[in-house]
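What follows is one structure encoded as structure tokens, with my remarks underneath.
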Amino acid sequence: YCAALNFNPEPMLTALECGVKGVSLSGTGPSFVALVNEEKEERLREAWNELGIEGKVIKSRINNQPLL
Numbered sequence: 023y024c025a026a027l028n029f030n031p032e033p034m035l036t037a038l039e040c041g042v043k044g045v046s047l048s049g050t051g052p053s054f055v056a057l058v059n060e061e062k063e064e065r066l067r068e069a070w071n072e073l074g075i076e077g078k079v080i081k082s083r084i085n086n087q088p089l090l
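Each step along the sequence shown adds one to the number in the numbering used here, with nothing skipped, and position 35 is 57.
Following this line, the structure appears as structure tokens:
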């Protein structure tokens with residue numbers, strides 16, 4: 023839905039080419055979120071830098087433990 027919000031889909035397509043598990047525009051943008059293995063993290067960072075994307079990468083971990 024990047025086109026509907028006037029965002030370039032190239033960062034998402036590039037992320038998929040890098041082998042991420044999934045990528046999406048976050049909310050109504052302009053942030054992108056990608057689920058990627060540590061082995062492919064640097065490859066994705068470099069690819070987005072080549073596109074001229076400025077910003078920061080926030081690393082997070084998934085917690086599969088139940089709340090209660």
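Ideal Cβ placement from N, Cα and C applies to all residues, glycine included.
Beta-carbon proximity check, residue i vs residue j, cutoff 8 angstroms
| i | j | result |
| --- | --- | --- |
| F29 | L57 | no |
| L66 | T50 | no |
Residue i burial status per 10 Å Cβ neighbour count (16 or more: buried)
| i | result |
| --- | --- |
| P33 | buried |
| V55 | exposed |
| V79 | exposed |
Through-space distance from residue j to residue i, alpha-carbon basis
| i | j | result |
| --- | --- | --- |
| E63 | S53 | 17 angstroms |
| A37 | Q87 | 28 angstroms |
| E68 | L89 | 36 angstroms |
task = Could you pull out every unbroken alpha helix (DSSP H) segment of at least 4 residues lying fully inside the stretch 53-84, listed in chain order?
result = 60-72
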